[in-house]
Each structure stands twice: as C-alpha cells, then as structure tokens.
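Q:
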Amino acid sequence: MLGDEVIAGGSDLADAAQFARVFAAAGMDFVSVSKGGKFDDAQQPRVGEAVYPYTGPSGYECMPTIHSDARGPFARNVPLAAAIRAAIRDDGRTTPVVAAGGIHGFDQAEAILAAGHADIVAAARQSLADPDWFLKVRLGRGAEVRRCKFTNYCEALDTQHKQVTCQLWDRVELDEPDLARSHDGRRRLVAPRWRR
C-alpha cells in the first residue's frame, strides 16, 4: 500500500494508517508500505506513448535515483512503514509490516528491523543487482555483494518495454556458454554466477 500518494488531494500517512488498521483487522497476512507512483501528476506523454507514472513528484518518490537530491534514494519509505506499524500495534494487532524502497544493504536492513520500524524489508532493485546478496551476507561474505547504484537503468529498460536487466552485470562475461541474451544480443538476461 502507499503510505503517501504524494499528490494533491491524495491519501497521506493519516489515511494510510487508517487503511492499515482495517487491513490488519481483516486478517491480512502483511502490509507492505511504499510511496508515490501515481499517474495524476505524471508528465504528459508524447503522442503514441503511454502515460508513465514515475515522473512528477509522486513518481519521483516512488522511483528515486542516486542523483535525485541530498537524501538520495535510500530507505525513503521507512518512516511511513514505522508510523503504519505503530498504528497497527496501537490497535493490538501484530500484522507484519514490510518496508520497501531503497533498501540496499544488510546493515541498513538490519538497522530498520532492530529499531522496530518494520518486521520485514523488501529490496527489489538490490535483489536484481545481486540475486545472491542474502546468501553472501548469511555466509559472512557481505563484502562480495554487488550493490545497487539506484540509477534506475533497470526501470529505463522497462519503460522502453525491453527485457529488464541490471547495468552492473548485463554486459559482463558475455562469452559464457549457452548464455541467455536480450533480443538484440548485447545484454545477458541472468546475473553472472557467484563463484564461491
């Protein structure tokens, strides 16, 4: 759910907390908290193109990049998740709350959990950057994690309706036998295998 739609007249944290209370009371398995991504303030598309929601203030908050502002993209939704979790707990419910958005490292994820801001963390772009990152950390090899740079290269491919890959690995080891490649043959479609 959106902890804040980031649009004029849209739902905000107070609304989201109320929705979350209702979801928890209804028996939802978990509540995942994100922010923005609404079409309402998106830039108008060019003729023949679809409206793309990751423009305008709402879209910016949904898919921030490393170049966005002084805050950067990291863990921008955690305060929303923490407030929603508190609202659910105030109602005496234990429905797990998921913090999503810009969580890219084990230390960051662990700090969010230890502080009680969320019960679960989600890390989609980081998991695309390094599908083995959880295993590497678990085995004490966190220094080997390929960290997402939050440039939104993957999202740019998606907006062009191309196969989504990560710029950190899609053009490396292209001589690997039986490698699945993009339609144009220039990018690998699967991250390189982790050599333990």
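So for the sequence shown, my numbering puts the first residue at 4; every next one is plus one. Even glycine gets a Cβ: it sits at the ideal position worked out from N, Cα and C.
According to DSSP, is L83 part of a helix, a strand, or is it coil?
A: Reduced to three states, the DSSP call for L83 is helix.
Q: Which whole-angstrom value describes the C-beta separation of S37 and G104, a residue pair presumed to lie in contact below a C-beta threshold of 8 Å?
A: Right, their Cβ atoms sit about 6 Å apart.
Q: If you reduce the DSSP assignment to three classes, tell me which class A102 lands in.
A: In the structure shown, A102 sits in a strand (DSSP, three-state: E or B).
Q: Can you say whether Q129 is buried or exposed, counting buried as having 16 or more other CB atoms within 10 angstroms of its CB?
A: It is buried - the Cβ of Q129 has at least 16 other Cβ atoms within 10 Å.
Q: What is the DSSP secondary structure of L116, reduced to helix, strand or coil?
A: Correct three-state label for L116: helix.
Q: Are there 16 or more other CB atoms within 10 angstroms of the CB of S165, so buried, or fewer, so exposed?
A: Rather than Ser, the amino acid found at residue 165 in this sequence is Lys. K165 comes out exposed.
Q: List the whole-angstrom C-beta distance separating I123 from V101, where the pair is believed to meet the contact cut-off of C-beta under 8 Å.
A: Their Cβ separation, rounded to whole angstroms, is 4 Å, which keeps I123 and V101 in contact under 8 Å.
Q: Whether or not the segment 149 to 159 and the segment 170 to 185 are in contact is what I'm after, with contact meaning three or more pairs of Cβ atoms, one per stretch, closer than 8 Å; do they touch?
A: With the cut-off at 8 Å, the segment 170 to 185 and the segment 149 to 159 touch.
Q: If you count every other CB in all the chains shown that lies within 10 Å of the CB of A90, and 16 or more means buried, which is it?
A: Result: buried.
Q: By DSSP's criteria, A125 is part of a beta bridge. Which residues make up the other side?
A: For A125, which the question treats as bridged, DSSP gives the partners A103.
Q: With a floor of 4 residues, list each alpha helix (DSSP H) that falls wholly inside the segment 16 to 63, ordered by position along the chain.
A: You should have 16 to 28.
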